[in-house]
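In what follows, a structure is listed as structure tokens, so that the remarks can point back to it.
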Amino acid sequence: MSYDLENLNLKQLEGIIHILNQCSDSFIYIFNLTDDVYYISAAVKNTFNFSGERIENATHELMKIVFEEDRSILMADLDALRTGLKAEHNLEYRWTNKLGKPVWISCRGRIVPNFANEKRILIGTVSITEEEDRADLLTGLSTEAQLRTDFANFWTKNQCVSGFLLKVDIDNIRTINEQYGVLTGDAIISKIGDCCRKVCSGIAKAYKLASDEFICMNLTGKSAPIAQKLFEDLRREISETDNGLDYDVMFTISGGAVAFMKESSQLDALLKKVNYTVSVAKNGGGNRLVTFNAGDYSKHLRNLDFQEKLRESIRNNFSGFELFYQPIVDAQKMYLDKENTVLNVIGAEALLRWSCPGYGMLSPDDFVPILERTGMIVSVGRWILRTAFAQCKEWCRVQKKFRLSVNLSYVQVMRSDILRDVETALLISDVNPGNITLELTESGFIDNGIQLQKLTESLSALGLNVDIDDFGTGYSNLRYLQYLKANTLKLDYSFVQKAIGGNEGDRKIIKHITEMAHELNMKICMEGIESSDDIQKLTAYAPDKFQGFYFGRPCSKIDFREHHLRPDARRDVYEK
Numbered sequence: 106m107s108y109d110l111e112n113l114n115l116k117q118l119e120g121i122i123h124i125l126n127q128c129s130d131s132f133i134y135i136f137n138l139t140d141d142v143y144y145i146s147a148a149v150k151n152t153f154n155f156s157g158e159r160i161e162n163a164t165h166e167l168m169k170i171v172f173e174e175d176r177s178i179l180m181a182d183l184d185a186l187r188t189g190l191k192a193e194h195n196l197e198y199r200w201t202n203k204l205g206k207p208v209w210i211s212c213r214g215r216i217v218p219n220f221a222n223e224k225r226i227l228i229g230t231v232s233i234t235e236e237e238d239r240a241d242l243l244t245g246l247s248t249e250a251q252l253r254t255d256f257a258n259f260w261t262k263n264q265c266v267s268g269f270l271l272k273v274d275i276d277n278i279r280t281i282n283e284q285y286g287v288l289t290g291d292a293i294i295s296k297i298g299d300c301c302r303k304v305c306s307g308i309a310k311a312y313k314l315a316s317d318e319f320i321c322m323n324l325t326g327k328s329a330p331i332a333q334k335l336f337e338d339l340r341r342e343i344s345e346t347d348n349g350l351d352y353d354v355m356f357t358i359s360g361g362a363v364a365f366m367k368e369s370s371q372l373d374a375l376l377k378k379v380n381y382t383v384s385v386a387k388n389g390g391g392n393r394l395v396t397f398n399a400g401d402y403s404k405h406l407r408n409l410d411f412q413e414k415l416r417e418s419i420r421n422n423f424s425g426f427e428l429f430y431q432p433i434v435d436a437q438k439m440y441l442d443k444e445n446t447v448l449n450v451i452g453a454e455a456l457l458r459w460s461c462p463g464y465g466m467l468s469p470d471d472f473v474p475i476l477e478r479t480g481m482i483v484s485v486g487r488w489i490l491r492t493a494f495a496q497c498k499e500w501c502r503v504q505k506k507f508r509l510s511v512n513l514s515y516v517q518v519m520r521s522d523i524l525r526d527v528e529t530a531l532l533i534s535d536v537n538p539g540n541i542t543l544e545l546t547e548s549g550f551i552d553n554g555i556q557l558q559k560l561t562e563s564l565s566a567l568g569l570n571v572d573i574d575d576f577g578t579g580y581s582n583l584r585y586l587q588y589l590k591a592n593t594l595k596l597d598y599s600f601v602q603k604a605i606g607g608n609e610g611d612r613k614i615i616k617h618i619t620e621m622a623h624e625l626n627m628k629i630c631m632e633g634i635e636s637s638d639d640i641q642k643l644t645a646y647a648p649d650k651f652q653g654f655y656f657g658r659p660c661s662k663i664d665f666r667e668h669h670l671r672p673d674a675r676r677d678v679y680e681k
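Heads up, the sequence shown is in my numbering, so the first residue is 106 and it goes up one at a time.
Right, dumping it as structure tokens:
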């Protein structure tokens, strides 16, 4: 009998896993990453403090079992699996047993492709690994268990270590496995193992870690330049060695090195540093070595701390998140009274803020990139839509024609069913869609103007207004501009300030963009207005809206209502 995993439901999968667990020494598991539900063999309770076979709120509960120093590694891998950045799970880390002692496990798994309802389902096995030195079957090098033993023995004897760790990672092994097959990938890993053993001779000891990673460790006081030369020697040896593969099989390696002198830290702390340097090398394009930089690493740790605090805020019903509002003014009629004292505020832009203990209130530049990188922007984005739409509904009871603008992150659009999220927020808030403006950053769709066009059409069909934000900051696809169902082009702060500062070229561009937008029945909003002098210089271009600190800085909903919202009854008095 065979099973088509794509057509089984979760209950059927759990039944199959229950049967298989009775026939295996390993613990077979299912992790529903979408719903955060974990199912594993009941036998696991003999060694570890699992509450049962089926665990709700699984990520949180699993972290209670995972050894504290390994939690961030596992969390990062789960985030990548959950958001679709990877489909394969292969980690060696530690669980804490019932006696409170760390136990090394090998956890492997793969995402079930095209599972029903597009859920991210991870299926795999957990095996308890032995602590004795085991040679890697593919390369013959010592494994991570021996790396830890060697380091611990040296540290115990000297109470400190001096030398370096050099980590080597194959940049494109996954592509090679997919294109040429696993046997070709294994041949490359084996050959790199041979090269590591050769170049490390007399300098360091080479170890094979999980998957396609190698560590070269020196504990006899060798310095960072030696580690750098070792990496270059390794690259040269790889290029000069006949690997027996077809010439069209191309691969490169990335490296990270951390040197230390009389270091009292344990191995895990050093591995975290070298893992970080490798990730920097790979994220920078690969095929290079990066040496450890303490300042950059401090920023990295700060971001990791942010990431965990952000995740906790989301779990705690988005505590710490808040929307601030910046007024948008009618540029054609900036004041309601003859004395020019009452601003004609026609709307506002909702801007995300986040505060947490230890850091206070932070601007989006500090945390939005983290939300986008981890995929948390999807859930936060839904909260923004619902919160902003409900606020607009409330304010429209006071000022009927008030419009609230909400930014849509490009990552949020690409990783979620944005139309369904918007429709849900409209339904829950019962706001008039005509009072809502959604802002899209055109540069995010630089390679897909058609996709941007379809999205603006769909949003417009819901009765919403659509603005193109940050227009003019970089590449602007004029080809699709005439087809976009956009209401307003928002000219970016930096672009506007260059024109105000006397740049003749930018002034001409702003003039032509404004004329073009008006001919296409779109309005122009100029951001970054900071003084009355700015207004005098820009009024000649006939913009439709102004936004900037001159009219008001972003503020809380209470302050905005008090200082900027203009009740219709009072507005009538001014306009008379």
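Even glycine gets a Cβ: it sits at the ideal position worked out from N, Cα and C.
All figures in this text were calculated on a predicted structure; none of them were measured in a lab.
In the structure shown, the three-state DSSP call for tyrosine 515 is helix. Pairing phenylalanine 259 with valine 363 gives a Cβ-Cβ distance that is not under 9 angstroms. DSSP, reduced to helix, strand and coil, places leucine 186 within a helical segment of the structure shown.
Residue environment: isoleucine 533 is assigned as exposed (fewer than 16 neighbouring CB atoms within 10 Å of its CB, all protein chains considered). Secondary structure in the stretch 432-501: the beta strand (DSSP E) runs of 3 residues or longer, each lying completely within the stretch, are 450-461, 465-467 in chain order. The beta carbon of aspartate 373 is closer than 7 angstroms to those of Glu174 in its chain, skipping five residues each way along the sequence. About 7 angstroms separates the beta carbons of arginine 159 and valine 142, which is inside the 8 angstroms limit, making them a contact pair.
Here valine 434 has Leu448, Asn449, Val450, Ile451, Lys650, Phe651, Gln652, Phe656 as same chain residues with Cβ atoms under 8 angstroms from its own Cβ, once five neighbours each way along the sequence are excluded. For glycine 610, the enclosing alpha helix (DSSP H) stretches over residues 609-624.
Restricting attention to alpha helix (DSSP H) runs no shorter than 4 residues, the stretch 319-376 encloses them at 329-345, ordered along the chain. With 16 or more other Cβ atoms inside 10 Å of its own Cβ, arginine 487 counts as buried. With respect to the 9 angstroms criterion, serine 247 and tyrosine 198 are not classified as neighbours on the basis of their beta carbons. Contact check for valine 379 against leucine 271 passes: the beta carbons are separated by less than 9 angstroms. With respect to isoleucine 226, isoleucine 343 sits apart: the two C-beta atoms are not nearer than 9 angstroms.
When secondary structure is reduced to three states using DSSP, tyrosine 598 falls in the helix class. At a Cβ-Cβ threshold of 9 angstroms, leucine 428 and lysine 613 do not count as neighbours.
With fewer than 16 other Cβ atoms inside 10 Å of its own Cβ, leucine 190 counts as exposed. Glutamate 544 counts as buried, since no fewer than 16 other beta carbons sit within 10 angstroms of its beta carbon. Taking a contact to require three or more Cβ pairs closer than 8 angstroms, the stretch 310-327 and the stretch 273-284 qualify as touching. Of Thr325, Ala493, Ser424, Ile228, the smallest CA-CA separation from proline 462 is found for Ser424.
Annotated three-state conformation of valine 379 is helix, per DSSP.
Under the 10 Å beta carbon count, aspartate 673 is surrounded by fewer than 16 other beta carbons and is classified as exposed. If the five residues before and after lysine 616 are omitted, its C-beta is found closer than 7 angstroms to the C-beta atoms of Tyr646, all from its own chain and listed in chain order.
At the C-beta level, serine 370 and glycine 326 stay beyond 9 angstroms of one another. With a threshold of 16 other beta carbon atoms within 10 Å, glutamine 558 meets it and is buried.
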